[in-house]
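Here's the structure, in structure tokens; my notes come after.
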Amino acid sequence: MERAEAAPATVMQPYELSYSDLVLLSSPRRRPPPPSSSPEAELSRLDTIRGSVMEALGPGGPGLLCVRDVPEAPALRRELLPLARRLALLDPERRRRVLQVHQLGTDVPMKDPHRNVSSFARQLRYAQGVELAQSEASSNINSLDSKMDNINMNVTMEFQDKEFDHLGFVFKKLGSLMMELGLGLARICDEAIGGHELEQSLVESCSAKGRLIHYHSRAENLVLEQDERRFRSKRGIAKQKKVDEHAFCNGREPRLIPQKKTIGGEARSCGSNSTLWQQWHYDYGIFTVLTAPMFLSPARLPEPNSDLETSAASVKECPCPDGLTYLQILNPIRNNVFMVKTSPESFIIQVGEAADVLSKGKLRSTLHCVCRPPKVDNVSRETFVVFLQPAWSKTFSLSDYPMDQLLSYPEVATDSTCLAEQNRMKLIDEIQKTVPPLFSRLKDGMTFAEFSRETTKQYYGGSGLQSNRLSDLG
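Written out as structure tokens, the structure reads:
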């Protein structure tokens, strides 16, 4: 099938839920209404908000919403997100030491110079919030707040040797906060749906997965590829020298080592030339909680032949290009692609396929991708994501699930005479055909582990194991 041209996405600002209202709606015992409001008026207001939440996350909505005004979040975000770029561009040996100290791993092949994304991950436990509250004074969040208040993110940030001192603490602190947002939203949805399926599934899992993610700029990809070519060239020269010396010692003519044909060049570098940082996919957990992204660019142009770590040491924050997050979603009911726009200090919460199934279709999972800003080659994207999922042993039942949602996508009509509309419909049709549908990956009685494995297998091939894949990246 001929590839459809990417049609411009419609800008969408998701429904915003204030943190204070999330706490009110998710609290077992509701707080008394404010003095200016009667109990009846407050209950009516909260019912309206609950309805708006379910409308945003339900079958007719976009499958996501935003949470704003979260205490402590802005300082934590400003502290953590720039470290994604620094880690991604560090010398490999230094990066290994830093990750080891802070108990982080990576789930992408970091030796691949053509990678679009570098990701640093660890498990987060629901009890960590309590542990962190009792932790050391040196990582006290008040000192972090005061320190961050003095940083102007629009000027050059000169990182010192101790730049990673708070990495593990801030990763866990922000991750625990985001887990609580997801847990609170699960309670709100459970109350609207009936039962406690979502909350119990999250609590029974005991943990979530946090990922600090750097989306490489095209300029970074070019430097990574140049570094790889230099490394291969040096290694080839060293090998040839050994062969020549061996031949000389044995009285033979030196022979050239045949050069291996690599998959470099156009085929492998097409990832950095793509309009997407990450392909279209569904997250298969319950909720995915994301910080609003941060966009960074070098404070000065890198010197010729300079290494990436040196050029990464001084960066500046850019305004979101066009004020957008560059997270795109496809709403199959409205047959349209939307570009998400949100404030820098809010969180985005997306519905995953497990929530879709556990709610019997009352919540709708979000088909999404991350695209590159057009005509911008030196801007990277940083974000922090927490994936909330059920226990691996959780069993899925498809009884009472609306089978029309499971079996097919809506028909995409392409009889419009408008060329732009035809391109948009072709794009939507292509997206739907390249993403494996839920019914092909989920069978009645499957555990979440089996569903996860089958989903990863169909997206990426192979055994379905996730060791080197970003299968549920948002």
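Residue numbers for the sequence shown, in the working numbering: 13 to 486.
Cβ atoms here follow ideal geometry from the backbone N, Cα and C, with glycine treated the same way.
Give the C-beta separation of residue i and residue j to the nearest angstrom, bearing in mind that I take them to be a contact with Cβ-Cβ under 8 Å.
| i | j | result |
| --- | --- | --- |
| L69 | S213 | With 8 Å as the limit, L69 and S213 do not qualify as a contact, their Cβ atoms being about 16 Å apart. |
| A366 | Q417 | Incorrect: roughly 14 Å between the Cβ atoms, too far for contact. |
| L77 | I61 | L77 to I61, Cβ: 11 Å. No contact. |
For residue i, which residues in the same chain have their Cβ closer than 6 Å to its Cβ, ignoring the five residues on either side in sequence?
| i | result |
| --- | --- |
| R280 | Legend: pLDDT at R280 = 27, less than 50; position of this residue unreliable, value from coordinates given subsequently. These residues qualify, in order along the chain: H126. |
| G141 | Low per-residue confidence applies at G141: pLDDT is 49, beneath 50, and the placement is therefore not dependable enough to give any value. |
| T467 | Y296, R453 |
| Q25 | K353 |
| S32 | none |
| L10 | In the structure as shown, the chain begins at 13 and stops at 486. Residue 10 is therefore absent and cannot be evaluated. |
| F463 | L454 |
What first and last residue would you give for the alpha helix (DSSP H) that runs through residue i?
| i | result |
| --- | --- |
| P51 | 51–69 |
| G194 | 179–205 |
| F451 | 450–453 |
| K469 | 460–472 |
| S217 | 209–217 |
| Y31 | 31–38 |
| L370 | 365–370 |
With a CB to CB cut of under 8 Å and the five nearest residues on each side skipped, what residues in its chain are close to residue i?
| i | result |
| --- | --- |
| E211 | L195, A198, R199, D202 |
| G457 | T407, F408, S409 |
At which residues does the beta strand (DSSP E) containing residue i begin and terminate?
| i | result |
| --- | --- |
| S309 | 306–310 |
| A133 | 129–137 |
| E329 | 326–330 |
| L116 | Unbroken run through L116: none, as it is neither H nor E. |
| L99 | Here L99 belongs to no beta strand (DSSP E); instead the alpha helix (DSSP H) covers 85–100. |
| M351 | 348–352 |
| V397 | 392–400 |
| Y294 | 288–294 |
| F408 | Per DSSP, F408 belongs to no beta strand (DSSP E) and is neither H nor E. |
Do the CB positions of residue i and residue j come within less than 8 Å of each other?
| i | j | result |
| --- | --- | --- |
| A100 | G222 | no |
| G187 | L136 | yes |
| P83 | F350 | no |
| T395 | I225 | yes |
| A311 | S326 | yes |
| G364 | T300 | yes |
| Y294 | C218 | no |
| L92 | L193 | no |
| P414 | G473 | no |
| V120 | S131 | yes |
On a CA-only basis, which of the options is nearest residue i? Give me that one, please.
| i | options | result |
| --- | --- | --- |
| L236 | P104, E28, Q401 | P104 |
| R80 | P356, V110, S130 | P356 |
| V23 | N348, T395, S464 | N348 |
| S229 | E175, W289, W404, D368 | W289 |
| A85 | K469, M191, E209 | M191 |
| Q291 | Y338, S30, C381 | C381 |
| G362 | R346, L379, S464 | One detail in the question is off: residue 362 reads as Gln in this sequence, not Gly. Among R346, L379, S464, the Cα nearest to that of Q362 belongs to L379. |
| R107 | M122, P94, Y471 | M122 |
| S405 | E216, G117, D33, L450 | E216 |
| L339 | V65, R384, C330 | R384 |
| F451 | R90, Q470, A21 | Q470 |
| R393 | V129, L116, I360 | V129 |
By Cβ distance, which residues of its chain are closer than 7 Å to residue i, with the 5 residues on each side in sequence left out?
| i | result |
| --- | --- |
| L390 | Looking at the sequence itself, residue 390 is Asn, so the reference to Leu does not match. Closer than 7 Å at Cβ, skipping near neighbours: S229, A231, S309, P310. |
| T446 | W292 |
| T168 | Residue confidence is low: T168 scores 39 on pLDDT, short of 50, so the model does not pin down where it sits. Its coordinate-derived value is still stated next. Cβ neighbours of T168 beyond the five flanking positions: A311, S326, K328. |
Taking 7 Å as the cut-off, is the CB of residue i close to at least one heavy atom of the ligand GTP?
| i | result |
| --- | --- |
| V352 | This structure does not include the ligand GTP; it has no bound ligands of any sort. |
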